[in-house]
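Trainee: Protein sequence lines correspond, in order, to chains A and B.
So in my numbering, spot 37 of the first sequence is number 37, and the numbers just go up one at a time.
So in my numbering, spot 405 of the second sequence is number 405, and the numbers just go up one at a time.
Just dropping this structure here.
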Amino acid sequence: MSVGVVLILGAGSDIGRACAHFFAAKGHTIQLAARAPDRLTADQTDLQLRYGVSVSLHAVDALETDTHADFVQALPVLPDVAISVIGLLGTHTKNLKDTASAVQILRSNFEGPATLLGALATQFEARGSGTLVGVSSVAGNRGRASNYIYGAAKAGFTAYLSGLRHRLFPSGVHVVTVLPGFVDTAMTQGMNLPPRLTAQPGQVAEAIYYAIVKKRNIIYFKPIWRVIMAIIWALPEEVFKRTRL
Amino acid sequence: MKMSGWGRYPMVETNLVSPHTEKDLRDHLAEGCIARGNGRAYGDSAVSTGTTLHMRHFNRMLRFDAQTGTLEAEAGVLLEDIIKTFLPQGWFPKVTPGTKYVTLGGMIAADVHGKNHHKSGGMSETLTWIDVMNADGSVQRLSPDDPLFAWTCGGMGLTGVILRAAIQLRRVETGYIEQRTLSAPNLQVALEMLKAAHSATYSVAWIDCLSKGAALGRALIMLGEHAKHSALHSALHSDPFALAPRRKWTMPMAAPQVLLNQYTARAFNAAYWRAGQHKTDPVLTDWDRYFYPLDAILGWNRIYGRRGFLQFQCVLPHETAEGGLQALLKATSEAGLGAFLAVLKQMGAEAGGISFPRPGLTLAIDFPRNQGSLQLMERLDQIVLAHAGRFYLAKDARLSAQTLKASDPRVTPFAQMLQNTEADNHFHSAQSKRLKL
Numbered sequence: 001m002s003v004g005v006v007l008i009l010g011a012g013s014d015i016g017r018a019c020a021h022f023f024a025a026k027g028h029t030i031q032l033a034a035r036a037p038d039r040l041t042a043d044q045t046d047l048q049l050r051y052g053v054s055v056s057l058h059a060v061d062a063l064e065t066d067t068h069a070d071f072v073q074a075l076p077v078l079p080d081v082a083i084s085v086i087g088l089l090g091t092h093t094k095n096l097k098d099t100a101s102a103v104q105i106l107r108s109n110f111e112g113p114a115t116l117l118g119a120l121a122t123q124f125e126a127r128g129s130g131t132l133v134g135v136s137s138v139a140g141n142r143g144r145a146s147n148y149i150y151g152a153a154k155a156g157f158t159a160y161l162s163g164l165r166h167r168l169f170p171s172g173v174h175v176v177t178v179l180p181g182f183v184d185t186a187m188t189q190g191m192n193l194p195p196r197l198t199a200q201p202g203q204v205a206e207a208i209y210y211a212i213v214k215k216r217n218i219i220y221f222k223p224i225w226r227v228i229m230a231i232i233w234a235l236p237e238e239v240f241k242r243t244r245l
Numbered sequence: 001m002k003m004s005g006w007g008r009y010p011m012v013e014t015n016l017v018s019p020h021t022e023k024d025l026r027d028h029l030a031e032g033c034i035a036r037g038n039g040r041a042y043g044d045s046a047v048s049t050g051t052t053l054h055m056r057h058f059n060r061m062l063r064f065d066a067q068t069g070t071l072e073a074e075a076g077v078l079l080e081d082i083i084k085t086f087l088p089q090g091w092f093p094k095v096t097p098g099t100k101y102v103t104l105g106g107m108i109a110a111d112v113h114g115k116n117h118h119k120s121g122g123m124s125e126t127l128t129w130i131d132v133m134n135a136d137g138s139v140q141r142l143s144p145d146d147p148l149f150a151w152t153c154g155g156m157g158l159t160g161v162i163l164r165a166a167i168q169l170r171r172v173e174t175g176y177i178e179q180r181t182l183s184a185p186n187l188q189v190a191l192e193m194l195k196a197a198h199s200a201t202y203s204v205a206w207i208d209c210l211s212k213g214a215a216l217g218r219a220l221i222m223l224g225e226h227a228k229h230s231a232l233h234s235a236l237h238s239d240p241f242a243l244a245p246r247r248k249w250t251m252p253m254a255a256p257q258v259l260l261n262q263y264t265a266r267a268f269n270a271a272y273w274r275a276g277q278h279k280t281d282p283v284l285t286d287w288d289r290y291f292y293p294l295d296a297i298l299g300w301n302r303i304y305g306r307r308g309f310l311q312f313q314c315v316l317p318h319e320t321a322e323g324g325l326q327a328l329l330k331a332t333s334e335a336g337l338g339a340f341l342a343v344l345k346q347m348g349a350e351a352g353g354i355s356f357p358r359p360g361l362t363l364a365i366d367f368p369r370n371q372g373s374l375q376l377m378e379r380l381d382q383i384v385l386a387h388a389g390r391f392y393l394a395k396d397a398r399l400s401a402q403t404l405k406a407s408d409p410r411v412t413p414f415a416q417m418l419q420n421t422e423a424d425n426h427f428h429s430a431q432s433k434r435l436k437l
């Protein structure tokens, strides 16, 4: 990939930070966007010191969807690559009881990232180049009792990315859908995750980089999740509803 | 979960957390905790029977003054990253231990030393300030004249959580070291050679700790100087900091026990010594190969198998060093336990409240962990005590509280200070419990 500008949406997250490091190390100019960018000043300096690239900070709130078009307009330069790692897991049991939290999960994982990438898509399409990357989740592949609110939102986002890819292909804009399984981040802190199935944020960042370079459409990370989800997907509903996954 | 240090012994049941912010850290202070960097302390220094605070998210470089070479960084920054970032600008750490996979915080907590301690001092002497989170959750910036600074450097994380520090780097013209190797047929000659090489910037002796009789303590002495730009081959002049490509090997699994015994170890030691005989001419070596030869094998600690290994490191004052080293090597050699590495270095002036270095000679030997080596190390402890030496806590996994106390009059005031500040209620490792600190 030629060296260009990379925008990271949700830059305060562990995967966001890992992406910033990976792309900065490859010489890219970095735009870090987050709800509270003043919390990222240390990251900005760190990236500049380590990799000698320029790094800018931008405020964006995924849930303030009517500001998204202006946010894109206000960027100092339209990026070549935009990566959305925006997401919120919440606590499923709380989401079941509390409508407001459930709505927040649905909006943070679907509506927010979708409209943000949508706003960028319009500009990328007009320019006729660029790559949009959406980090969704294998949780969206099939709704399961243990986290279907989060899963439903991710399913929506995955479908949105698929449609976006379909729409933008003729204009030369590429869309990558990233479907991570477990990742060792703040989101999963305290969960007892099986080490062999759990990725480190840096590995996800590397996978994203090569997915862009090789123009991959959908990547699972770790790749074993493609197999796991294929099996879960293949279960007939009559069987699936009796399982405890 | 079960966790250990680099030696894979002892395994300690701990609650491992990876905080992102100071607030996250504060939430764990009541649980009884210890900070952990990259887990390169050999024993149980950085694992707690309570909560172990993995500091990997505190890994930002905060400021660099290109005039003075002062770097301000968070405690979880790796030494490797510091070198990779600043060596191309002509800066190198003033003090480095034998691996680059250590964190800044870990280097401070252990007050690490390098092959240049006799000339340049230890880690604590390269710092302008450190930020420490105390038992009450407050953060204090400590300067070198602050008493708590002296206790924190070498204090093994027991005074609080080291959050940030300002570290002074040194100017270098190239990323290369001019290395000379001398060979000594026995310990006495080795000591004379080390002493004669006092003006060398870096010096270290590798000892065949399994040789006996007249060859007891035969050694290769390796001296190093930062190479000047003019000393480099002209092909390197355009990029004097470039690293020759180096294959990384990974130890895929714990080696079976049968591979490591006194015969294989003896053969390895003998072969290494003989190979060194031919390398007497000065050679240019890049920084990575010179300072971190073992880092080329990722996970080399697995060489010692599932049961793990132990390192014994002590320092003996100059006055008693020769007799003490003779006794330590004799006991080791007679026990005939497989030991690959024995390293002897010179140490300069003491600094800090509880730091390991003191003027004299420091010896480090690796042993596979088994009943025999544990018993041998008890005997080595007694030899060290009899020669007024002391022990390096960053390597320790099995010392007794009684032995530690007998080795160092500073232990009692250190423990007293931890009590007075109530640090002992909040910060403890499996090691500090064992050593009653």
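Think of the CB as a built atom: it goes at the ideal place given N, C-alpha and C, for glycine as much as any other residue.
Who does Ile130 of chain B pair with in a DSSP beta bridge?
Mentor: Ile130 of chain B is bridged to B:Leu142, B:Ala165.
Trainee: Mind pulling the beta strand (DSSP E) runs of 3 or more residues that sit fully within the region 243-320 of chain B?
Mentor: As far as the region 243-320 of chain B is concerned, its whole beta strand (DSSP E) runs of at least 3 residues are 283-286, 309-316.
Trainee: Candidates B:Tyr272, B:Ser138, B:Gln311: which alpha carbon is nearest Thr362 of chain B's?
Mentor: B:Gln311
Trainee: Note down the Cα distance separating Gly140 of chain A from Leu179 of chain A, rounded to an integer number of angstroms.
Mentor: 9 Å
Trainee: Use the C-beta contact count for Gly172 of chain A: other C-beta atoms within 10 angstroms, 16 or more gives buried, fewer gives exposed.
Mentor: exposed
Trainee: Does Phe64 of chain B have its Cβ less than 8 Å from a Cβ in chain A?
Mentor: Yes - at least one Cβ of chain A is within 8 Å of the one on Phe64 of chain B.
Trainee: Does the beta carbon of Leu49 of chain A sit closer than 8 Å to a beta carbon anywhere in chain B?
Mentor: Leu49 of chain A belongs to the set of residues whose beta carbon lies under 8 Å from a beta carbon in chain B.
Trainee: Pop quiz: Asp80 of chain A and Val133 of chain A are said to be a contact at Cβ under 8 Å. What is the actual Cβ separation, rounded to whole angstroms?
Mentor: About 11 Å; that fails the 8 Å criterion.
Trainee: Residues in its own chain within less than 7 Å of Ala184 of chain B by CB, not counting five upstream and five downstream?
Mentor: Ala190, Met193, Arg218, Ala219, Ile221
Trainee: Val60 of chain A by DSSP, collapsed to three states: which one?
Mentor: Here Val60 of chain A sits in coil by DSSP.
Trainee: Run through the region 73-120 of chain A for me and flag every whole alpha helix (DSSP H) of 4 or more residues, listed as ranges in chain order.
Mentor: 92-97, 99-106
Trainee: Should Val102 of chain B be labelled buried (16 or more other beta-carbon atoms within 10 Å of its own) or exposed?
Mentor: So Val102 of chain B ends up on the buried side.
Trainee: For a contact defined as C-beta to C-beta under 8 Å, what are the partners of Met61 of chain B on chain A?
Mentor: Those are Thr45, Asp46, Leu49, Arg50, listed as they occur along chain A.
Trainee: With DSSP collapsed to three states, give me the class of Ile219 of chain A.
Mentor: strand
Trainee: If we cut at 8 Å on Cβ distances, does Asp239 of chain B have a partner in chain A?
Mentor: The beta carbon of Asp239 of chain B does not come within 8 Å of any beta carbon belonging to chain A, so the residue lies off that interface.
Trainee: In whole angstroms, what is the alpha-carbon distance linking Gly175 of chain B and Pro88 of chain B?
Mentor: 8 Å
Trainee: Under 8 Å, with one C-beta from each stretch per pair, do the region 143-162 of chain B and the region 98-113 of chain B reach the 3-pair mark?
Mentor: Result yes; three or more Cβ-Cβ pairs closer than 8 Å.
Trainee: Would you mind working out which of B:Gln431, B:Leu385, B:Arg40, B:Asp44 sits nearest Pro409 of chain B, comparing C-alpha positions?
Mentor: B:Leu385
Trainee: Who are the neighbours of Thr85 of chain B on chain A, taking C-beta pairs under 7 Å?
Mentor: Leu49, Arg50
Trainee: Can you check the region 377-413 of chain B for any alpha helix (DSSP H) of at least 4 residues that lies completely inside it and give the ranges in chain order?
Mentor: 401-407
Trainee: Less than 8 Å between the C-beta atoms of Ile15 of chain A and Ala33 of chain A, yes or no?
Mentor: no
Trainee: Does the separation of the CB atoms of Pro19 of chain B and Leu53 of chain B fall below 8 Å?
Mentor: yes
Trainee: Does chain A have any CB closer than 8 Å to the CB of Asp81 of chain B?
Mentor: yes
Trainee: Sorted by chain position, which residues of the same chain lie with C-beta nearer than 6 Å to Phe498 of chain B's C-beta, five sequence neighbours on each side aside?
Mentor: Within the shown structure, residues of chain B are numbered from 1 to 437, placing residue 498 of chain B beyond reach of any answer.
Trainee: For chain A, find out if any of its Cβ atoms is closer than 8 Å to the Cβ of Ser18 of chain B; answer yes or no.
Mentor: yes
Trainee: Check the Cβ-Cβ distances between Gln189 of chain A and every residue of chain B, and say whether any is below 8 Å.
Mentor: yes
Trainee: Who are the Cβ neighbours of Val77 of chain A in its own chain at under 7 Å, not counting the five residues just before and after it?
Mentor: Val5
Trainee: Starting from His174 of chain A, follow its DSSP beta bridges and name the residues at the other end.
Mentor: A:Thr131
Trainee: List the whole-angstrom C-beta distance separating Ile177 of chain B from Gly224 of chain B, where the pair is believed to meet the contact cut-off of C-beta under 8 Å.
Mentor: About 4 Å separates the two Cβ atoms, so the contact holds.
Trainee: Please classify Ser2 of chain A as buried or exposed, where buried requires at least 16 neighbouring CB atoms within 10 angstroms.
Mentor: By the Cβ-count criterion, Ser2 of chain A is exposed, with fewer than 16 other Cβ atoms from all chains shown falling within 10 Å of its own Cβ.
Trainee: How do the region 19-31 of chain A and the region 44-52 of chain A stand: do at least 3 beta-carbon pairs fall below 8 Å, yes or no?
Mentor: yes
Trainee: Given a limit of 7 Å on CB to CB distance, which residues of the region 167-192 of chain A reach chain B?
Mentor: From the region 167-192 of chain A, only Ala186, Gln189 have a Cβ closer than 7 Å to chain B.
Trainee: Would DSSP call Asn116 of chain B helix, strand or coil?
Mentor: In this structure, Asn116 of chain B counts as coil in the three-state DSSP scheme.
Trainee: Pull up the distance between the alpha-carbon of Arg266 of chain B and that of Leu210 of chain B, whole angstroms please.
Mentor: If I take the Cα positions, the gap works out to 6 Å.
Trainee: Are any of the Cβ atoms in chain B nearer than 8 Å to that of Ala42 of chain A?
Mentor: Between Ala42 of chain A and chain B, the shortest Cβ-Cβ separation is below 8 Å.
Trainee: Specify, as a first and last residue, the run of the alpha helix (DSSP H) that Leu164 of chain A falls within.
Mentor: 148-168 is the extent of the alpha helix (DSSP H) around Leu164 of chain A.
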